[in-house]
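Asks: Read top to bottom, the protein sequences are chains X and W.
Using my numbering, you'd call the opening residue of the first sequence number 38 and step up by one each time.
Using my numbering, you'd call the opening residue of the second sequence number 543 and step up by one each time.
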Amino acid sequence: MSGPATDPAMHSMSPRLSADEKSLLDFAVSLKSRLRGPMRAALPKAYQAHAAPAYAAAHGAPPAGWREVGEAMQGEPVYRWWSALARAQQEYYVDLTASVVDGQLPELVDRYRAIASGPVKGSLTLDPGVAVPDYQAAVDIHCVPGSYFIERCEDDVWAGARSDLGSFVFTMGRHGGLNEDKGVAGARFVKSRFPDLAVRDILDMGCTVGLSTLPWVDAFPEARVEAIDLSAPSLRYGHARAEALGKEVHFRQANAEATPYPDESFDLVVSHILLHETSREALGRIVAECHRLLRPGGVMLHIEVPVRCTNPFEQFLANWDGPNNNEPFWPTLAEMDLVAPAVAAGFPAEEVFEAVVPTAFHKAGDWLGYGARKAGGRS
Amino acid sequence: MSLPPLPRAARGERPFFLPDADVERLLNMVVALTGEVCRLEDRLDRLERTSADPATLAGWAPDAEASAERAERRAAVIDRVFRILEADAERVLNPPEPMDQVMRRLAGAGE
């Protein structure tokens with residue numbers, strides 16, 4: 038297998054990069070990869086050698102959980118500077134990708150219109166009545182000013198185009214040139230774990246621009262793939278991107294907590310890094326909606342960031358993005374019992390699973406797969 | 543199409559990690575300036591590799607070898623600009639002997 042992709046795979050909706058812009062994005066990627074280097078390596082030592090003993094001396098006991106680890110680490114200069122640089126890098130690459138896309142937005146809108154009005158394989162159904170829920174409106178997720186929802190012109194695709202370009206920089210090319218890792222990994226997991234599952238209809242929840250949706254089209258070429266999201270600019274861009282790449286996907290603006298599809302419409306309902314951007318209450322409703330939408334014997338699979346850690350120090354670092362990169366629900370998800378909401382939704386307890394889903398490309402570490410199979414439907 | 547400007551600040555409170563938030567603001571400026579240095583390095587590289595012929599210049603993109611050389615140069619710029627932070631990280635992993643202790647030891651019993 039070759040190394041991480043050095044350039045995003047281009048398609049006819051891709052934002053174009055001047056040579057200077059490419060140099061700046063290359064720098065952002067290099068700086069991000071450095072954040073996994075010497076400073077990151079020093080954090081456990083700083084914790085064991087100074088932070089934990091100092092905390093124990095002051096409190097009479099070592100840090101019990103990740104929050105206490107955080108209290109203990111606040112005074113460590115290497116942690117402070119690593120965090121300060123991580124936040125600075127995040128804001129830098131977001132600002133860079135935002136301005137790159139902003140500078141060519143009229144052309145991107147024209148390209149979207151040209152593709153969407155031509156012969157298409159898939160479809161796009163927008164519903165301006167879909168409200169942005171509190172868990173997406175309270176803060177701008179990933180510190181992107183304007184988030185997924187800002188619209189400044191008719192047929193605005195800015196948020197989607199920035200997300201496509203930004204995702205490549207954020208993952209440093211380690212999820213493939215089309216950022217397809219989550220979808221590829223999820224489809225492989227389903228085929229190996231549920232070889233008997235007949236898949237005619239797939240729903241991808243919280244698809245954004247469809248980075249993870251498209252691999253399902255390839256994995257199940259006979260199936261019809263629907264994809265929903267709250268963000269109209271992402272869906273417009275995602276629709277044009279899918280068409281540009283020759284994939285049939287039916288995009289729809291809808292909230293995963295309450296979709297417009299009839300009961301038992303799908304054999305597979307999937308999501309990718311969606312749940313950690315919701316809330317405890319919404320997660321329960323989303324899982325219940327998955328159960329309602331699945332046919333008997335159908336499978337729900339949520340591919341998530343690997344939020345579960347085995348010790349408080351690693352959990353503290355894994356939770357860094359929660360308070361520090363505007364992912365406020367992440368630490369709660371890391372500690373949540375995920376069996377209960379699935380059982381409450383109607384899934385049999387013995388059919389609920391949490392599993393390691395191996396990366397298909399070069400992601401550091403694997404994905405968390407959370408899901409369940411609906412009762413019935415099997416001979 | 544005239545668009546209103548994008549907001550510069552993301553909604554949500556911004557954490558500061560350093561005891562002096564102004565030092566952290568300067569870090570953000572250093573990060574951006576380091577990016578500009580890397581961009582200018584690449585631009586010079588492009589000029590040198592194309593002998594600055596405008597027609598050649600416009601369509602030129604680095605091949606794999608040139609990309610790898612640029613990545614090395616970029617890493618070297620980051621090495622130099624952020625050296626102090628990584629040096630401190632090394633000192634966390636291998637704590638130096640306190641200087642007064644070294645001085646006392648080297649001074650020996652005759653001091």
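Here a beta-carbon is modelled for each residue, glycine too, at the ideal position from N, C-alpha and C.
Cβ of residue 417 of chain X within 8 Å of Cβ of residue 414 of chain X?
Replies: Outside the displayed range of chain X (38 to 416) lies residue 417 of chain X, so it cannot be described from this structure.
Asks: Using a C-beta cutoff of 8 Å, does residue 576 of chain W count as contacting chain X?
Replies: Looking up residue 576 of chain W in the second sequence gives position 34. With 8 Å as the cut-off, residue 576 of chain W counts as an interface residue toward chain X.
Asks: At a Cβ cut of 9 Å, what residues of the region 126-155 of chain X count as close to chain W, listed as they run along the chain?
Replies: The residues in question are 126, 128, 129, 131, 132, 133, 135, 136, 139, 142, 143 and 146.
Asks: Which same chain residues end up closer than 6 Å to residue 170 of chain X when comparing Cβ atoms and leaving out the 5 residues on each side of it in sequence?
Replies: As a working mapping, residue 170 of chain X is identified with position 133 in the first sequence. The answer is none, since no qualifying residue turns up.
Asks: State yes or no: is the beta carbon of residue 640 of chain W nearer than 8 Å to at least one beta carbon in chain X?
Replies: Position 98 of the second sequence, counting from 1, holds the residue named residue 640 of chain W. No, no contact with chain X.
Asks: Run through DSSP, which three-state label would residue 603 of chain W get?
Replies: Taking the first residue of the second sequence as position 1, residue 603 of chain W is located at position 61. Looking at residue 603 of chain W - three-state DSSP - the assignment turns out to be coil, as it is neither helix nor strand.
Asks: Got a sec? Which residues, its chain only, sit under 7 Å from residue 346 of chain X by beta carbon, not counting five neighbours each side?
Replies: Locating residue 346 of chain X in the first sequence gives position 309, counting from the first residue. Hits under 7 Å: 352 and 355.
Asks: Of all the residues that make up the region 551-564 of chain W, which are near chain X by a beta-carbon distance shorter than 7 Å?
Replies: Answer in chain order: 551, 552, 553, 554, 557, 559 and 560.
Asks: In chain X, what lies closer than 7 Å to residue 545 of chain W by C-beta?
Replies: Residue numbering aside, residue 545 of chain W sits at position 3 when the second sequence is read from its first letter. 142, 189 and 190, listed in chain order.
Asks: Between residue 336 of chain X and residue 408 of chain X, is the Cβ-Cβ spacing less than 8 Å?
Replies: To locate residue 336 of chain X, count along the first sequence from 1; it is residue 299. To locate residue 408 of chain X, count along the first sequence from 1; it is residue 371. Yes. Within cutoff.
Asks: If you run the structure through DSSP and keep just helix, strand and coil, what is residue 260 of chain X?
Replies: Working through the first sequence from its first residue, we reach residue 260 of chain X at position 223. In the structure shown, residue 260 of chain X sits in coil (DSSP, three-state: anything other than H, G, I, E or B).
Asks: Under 7 Å Cβ-Cβ, which residues of chain W neighbour residue 120 of chain X?
Replies: Taking the first residue of the first sequence as position 1, residue 120 of chain X is located at position 83. Residues of chain W passing the Cβ test: 559.
Asks: Can residue 104 of chain X and residue 400 of chain X be called in contact, C-beta distance under 8 Å?
Replies: Locating residue 104 of chain X in the first sequence gives position 67, counting from the first residue. Locating residue 400 of chain X in the first sequence gives position 363, counting from the first residue. No.
Asks: Who are the near neighbours of residue 109 of chain X in its chain, counting only those whose CB is closer than 8 Å to its CB and skipping five residues on each side?
Replies: Reading the first sequence from its first residue, position 72 is the one you call residue 109 of chain X. 84, 88, 89, 91, 92 and 100, listed in sequence order.
Asks: When DSSP labels each residue in this structure, what does residue 653 of chain W get in the three-state scheme?
Replies: As a first step, residue 653 of chain W is located in the second sequence; it is residue number 111 there, counting from the start. Because residue 653 of chain W sits at a pLDDT of 48, beneath the cut-off of 50, its placement in the model cannot be relied upon, and the point is left open.
Asks: With a cut-off of 8 Å, do at least 3 Cβ pairs link the region 577-588 of chain W to the region 610-621 of chain W?
Replies: Yes, they touch.
Asks: Does the region 377-393 of chain X come close enough to the region 188-205 of chain X that 3 or more CB-CB pairs lie under 8 Å?
Replies: With a cut-off of 8 Å, the region 377-393 of chain X and the region 188-205 of chain X do not count as touching, because too few Cβ pairs lie within range.
Asks: In the DSSP assignment, find the unbroken beta strand (DSSP E) run with residue 289 of chain X in it and report its ends.
Replies: Mapped onto the first sequence, residue 289 of chain X falls at position 252. It spans 287-290 - the beta strand (DSSP E) in which residue 289 of chain X sits, taken as one unbroken run.
Asks: Compare the C-beta of residue 605 of chain W against all C-beta atoms of chain X and say whether one is closer than 8 Å.
Replies: Indexing the second sequence from 1 puts residue 605 of chain W at position 63. Chain X contact via Cβ: absent.
Asks: So, does the CB of residue 76 of chain X fall closer than 8 Å to a CB anywhere in chain W?
Replies: Stepping through the first sequence from its first residue, residue 76 of chain X is reached at position 39. With 8 Å as the cut-off, residue 76 of chain X counts as an interface residue toward chain W.
Asks: Expressed to the nearest angstrom, what Euclidean distance is found between the alpha-carbon atoms of residue 41 of chain X and residue 213 of chain X?
Replies: Taking the first sequence and counting its residues from 1, the one referred to as residue 41 of chain X is at position 4. Taking the first sequence and counting its residues from 1, the one referred to as residue 213 of chain X is at position 176. Roughly 7 Å separates the two Cα atoms.
Asks: Between which two residues does the beta strand (DSSP E) containing residue 390 of chain X stretch?
Replies: Within the first sequence, the letter at position 353 stands for residue 390 of chain X. From DSSP, the beta strand (DSSP E) with residue 390 of chain X extends over 389-394.
Asks: What does DSSP give as the partner residues of residue 275 of chain X in its beta bridges?
Replies: Against the first sequence, residue 275 of chain X aligns to sequence position 238. Per DSSP, none; premise fails for residue 275 of chain X.
Asks: What is the DSSP secondary structure of residue 58 of chain X, reduced to helix, strand or coil?
Replies: Here the question's residue 58 of chain X lines up with position 21 in the first sequence. Of the three classes helix, strand and coil, the one that applies to residue 58 of chain X here is helix, per DSSP.
Asks: If I measure Cβ to Cβ from residue 653 of chain W and keep anything under 6 Å in the same chain, skipping five residues before and after, which residues do I get?
Replies: As a working note, residue 653 of chain W is residue 111 in the second sequence. Any reading at residue 653 of chain W must be qualified, since the residue scores a pLDDT of 48, below 50, and its modelled position is unreliable; no value is offered.
Asks: Mind checking the region 586-599 of chain W against chain X and listing, in chain order, the residues whose C-beta falls within less than 8 Å of any C-beta there?
Replies: The residues in question are 588.
Asks: Can you tell me whether residue 278 of chain X is buried or exposed? The criterion is at least 16 other CB atoms within 10 Å of its CB, across all chains shown.
Replies: Mapped onto the first sequence, residue 278 of chain X falls at position 241. Classification for residue 278 of chain X: buried.
Asks: Could you please give the first and the last residue of the uninterrupted alpha helix (DSSP H) stretch that includes residue 379 of chain X?
Replies: Position 342 of the first sequence holds residue 379 of chain X. It spans 376-382 - the alpha helix (DSSP H) in which residue 379 of chain X sits, taken as one unbroken run.
Asks: How many whole angstroms separate the CB atoms of residue 293 of chain X and residue 242 of chain X, which I take to be in contact at a CB cut-off of 8 Å?
Replies: Translated into the one-based positions of the first sequence, residue 293 of chain X becomes position 256. Translated into the one-based positions of the first sequence, residue 242 of chain X becomes position 205. Right, the Cβ-Cβ distance comes to about 4 Å (below 8 Å), so this counts as a contact.
Asks: List the residues that DSSP assigns as beta-bridge partners of residue 162 of chain X.
Replies: Taking the first sequence and counting its residues from 1, the one referred to as residue 162 of chain X is at position 125. Looking at the DSSP assignment, residue 162 of chain X forms a beta bridge with X:289.
Asks: Select from the region 78-90 of chain X all residues with a C-beta closer than 9 Å to any C-beta belonging to chain W, and list them in chain order.
Replies: Hits within the stretch, in order: 78, 79, 80, 82, 83, 86 and 87.
Asks: Work out the CA separation of residue 70 of chain X and residue 207 of chain X for me, nearest whole Å.
Replies: Counted from its first residue, the first sequence places residue 207 of chain X at position 170. Counted from its first residue, the first sequence places residue 70 of chain X at position 33. One C-alpha to the other measures close to 10 Å.
Asks: Verify the CB distance criterion: does residue 293 of chain X have a CB-CB separation below 8 Å to chain W?
Replies: As a position in the first sequence, residue 293 of chain X is number 256, starting the count at 1. No, residue 293 of chain X lies away from the interface with chain W (no Cβ there is under 8 Å from its Cβ).
Asks: If I measure Cβ to Cβ from residue 176 of chain X and keep anything under 7 Å in the same chain, skipping five residues before and after, which residues do I get?
Replies: Within the first sequence, residue 176 of chain X is the residue found at index 139, counting from 1. Contacts found: 363 and 365.
Asks: Of the choices X:63, X:156 and X:149, whose alpha-carbon is the least far from that of residue 50 of chain X?
Replies: Residue numbering aside, residue 50 of chain X sits at position 13 when the first sequence is read from its first letter. It is X:149.
Asks: Please confirm whether residue 346 of chain X has its beta-carbon closer than 8 Å to some beta-carbon of chain W.
Replies: Within the first sequence, residue 346 of chain X is the residue found at index 309, counting from 1. No, residue 346 of chain X does not count as interfacial toward chain W.
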